[in-house]
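Colleague: In mature numbering (1 follows the signal peptide of the UniProt record, and there is no 0), the protein residues as written are -24 to -1, 1 to 362. Glycine included, C-beta positions come from ideal geometry on N, C-alpha and C. Keep in mind that this is a model prediction, so the values were computed, not measured.
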């Protein structure tokens, strides 16, 4: 091989490194040239691949599997792009000016990377951003200035990170936020009043964390309709924390709740309530205000309930789906519930219908009253049911 051939081969190798990351790289434009997808290229490579003709129409750019560990300064220089995805690229760090030219960006997807730290004010020049996806990363903390400049943000996805703490003012700049997803993190406590600026918040998901208390968190979220707090460590509910919301769906399943009081459920818009797999021994809802609640779904499965107040059973007329298996019901009380439900069904899974699992415990309630439980003897039911 002569010197000229060596130079050519070396040049091609360098070009391959600059433009792509191997034989699997490719870029393609949609027929209307508005969408451009690159797979396996690095950030330098696609700059040389995008033609002037494509640039005239480009609206959405998708970069996948680029094997970059850093988003450098001015990662993307095309100021007219509205939708940008940089996903599954092994990105670990982001330069504080990585997105400073993207003034028209409306959606940014950085999911499925390895980002651990978000620089302060990294999105400050992206004031038009409405949707931000940071799910499936290694983010541990959200600082006070993380989301500065995002006053138009509507949707924020932070699922499946390792977030354990965030500043009380972290969400202050996002006062237009409508949905936030913080499920599958390591959160143990949420700063009180952190949602105070979020008066437009409609949906929040904090499932699969280790949250122990939600005191004073939702007193200003007047438009909140969906709240998922399942798979946490809640032991009690504040009496009035949800009453200022507009909740339609509330999921509190898989926690450590023991006693529920009527004051906690003065939710006159609530349609679905999920309480399965807690440690509830007392459901102190007697129905005083419950007839004003349009509850159609109630899940009480797998708790430690022996009885329910008859007034509640009578008054819950809109309750179409009622699940109650997996509790040590007193058999007299259980039969009374079925009787009071009338034509409204109680849902049971096959193991309970077939008799493979017990539905209730032989009654020891007062014979003069079919469901008069001595609360000092609840341990009997727990022991027998085990």
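Residues in the same chain with beta-carbon distance under 7 Å from residue -3, minus the five sequence neighbours each way, listed in chain order, please.
Modeller: With a pLDDT of only 47 at residue -3, under 50, the local geometry of the prediction cannot be trusted, and the value read off the model is given with reservation. Cβ within range, chain order: 16.
Colleague: Among 350, 188, 164, whose alpha-carbon lies nearest the alpha-carbon of residue 210?
Modeller: Answer by Cα proximity: 188.
Colleague: Just checking my contact of residue 250 with residue 269 at CB under 8 Å: how many whole Å lie between their CB atoms?
Modeller: Not confirmed; about 15 Å, so no contact.
Colleague: From the beta carbon of residue 273, is the nearest beta carbon of chain D less than 8 Å away?
Modeller: Of the protein chains in this structure there is only one, and it is not chain D.
Colleague: Thinking just about the alpha-carbon of each residue, which of 163, 318, 278 is nearest to the one in residue 335?
Modeller: Cα-wise, what sits closest to residue 335 is 278.
Colleague: In the DSSP output, what is residue 107 paired with across the bridge?
Modeller: Looking at the DSSP assignment, residue 107 forms a beta bridge with 83, 131.
Colleague: With a CB to CB cut of under 8 Å and the five nearest residues on each side skipped, what residues in its chain are close to residue 80?
Modeller: Contacts found: 55, 56, 57, 58, 104.
Colleague: In the structure shown, what three-state DSSP assignment does residue 65 receive?
Modeller: It is coil, neither helix nor strand.
Colleague: Once you ignore the five residues that flank residue 131 on each side, which residues in its own chain have a CB closer than 6 Å to its CB?
Modeller: For residue 131, where only same-chain residues beyond five positions count, the Cβ hits under 6 Å are 107, 155.
Colleague: Label residue 301 either buried or exposed according to how many other C-beta atoms from any shown protein chain fall within 10 Å of its C-beta, with 16 as the threshold for buried.
Modeller: It counts as buried.
Colleague: What is the DSSP secondary structure of residue 100, counted as helix, strand or coil?
Modeller: Note: residue 100 maps to coil in three-state DSSP.
Colleague: With DSSP run on the structure shown, which of helix, strand or coil describes residue 154?
Modeller: Note: residue 154 maps to coil in three-state DSSP.
Colleague: For my contact list, residue 370 and residue 276 are in at a C-beta cut-off of 8 Å; report their separation, rounded to the angstrom.
Modeller: The requested residue 370 does not occur in the structure, where the chain is confined to residues -24 to 362.
Colleague: In terms of residue numbering, what span does the beta strand (DSSP E) encompassing residue 225 cover?
Modeller: Counting along the chain, the beta strand (DSSP E) containing residue 225 begins and ends at 225 to 227.
Colleague: Who are the Cβ neighbours of residue 239 in its own chain at under 8 Å, not counting the five residues just before and after it?
Modeller: These residues qualify, in order along the chain: 215, 216.
Colleague: Return the chain-ordered list of same chain residues with a C-beta closer than 8 Å to the C-beta of residue 224, the five sequence neighbours on each side being excluded.
Modeller: If we look at residue 224 and ignore the five residues flanking it on each side, its Cβ neighbours are 201, 202, 245, 246, 247, 248.
Colleague: Using a threshold of 8 Å, state whether the C-beta atoms of residue 136 and residue 160 are closer than that.
Modeller: Contact flag set, yes.
Colleague: Return the chain-ordered list of same chain residues with a C-beta closer than 8 Å to the C-beta of residue -15, the five sequence neighbours on each side being excluded.
Modeller: Model confidence at residue -15 stands at a pLDDT of 38, short of 50, so the residue's coordinates are unreliable; what they give is reported in the following sentence. Correct list: empty, nothing qualifies.
Colleague: Where does residue 2 sit, in a helix, a strand or coil, going by DSSP?
Modeller: Residue 2: strand per DSSP, three-state reduction.
Colleague: Taking C-alpha atoms, which residue in 309, 284, 170 lies nearest to residue 338?
Modeller: It is 309.
Colleague: When the Cα atoms are used, what is the spatial distance from residue 195 to residue 168?
Modeller: Rounded to the nearest angstrom, the two C-alpha atoms are 10 Å apart.
Colleague: When the Cα of residue 153 is compared with those of 180, 324, 347, 285, which residue comes out closest?
Modeller: It is 180 whose Cα lies nearest to the Cα of residue 153.
Colleague: What is the residue span of the beta strand (DSSP E) that residue 328 lies within?
Modeller: Residue 328 -> not in any beta strand (DSSP E); alpha helix (DSSP H) instead, spanning 326 to 329.
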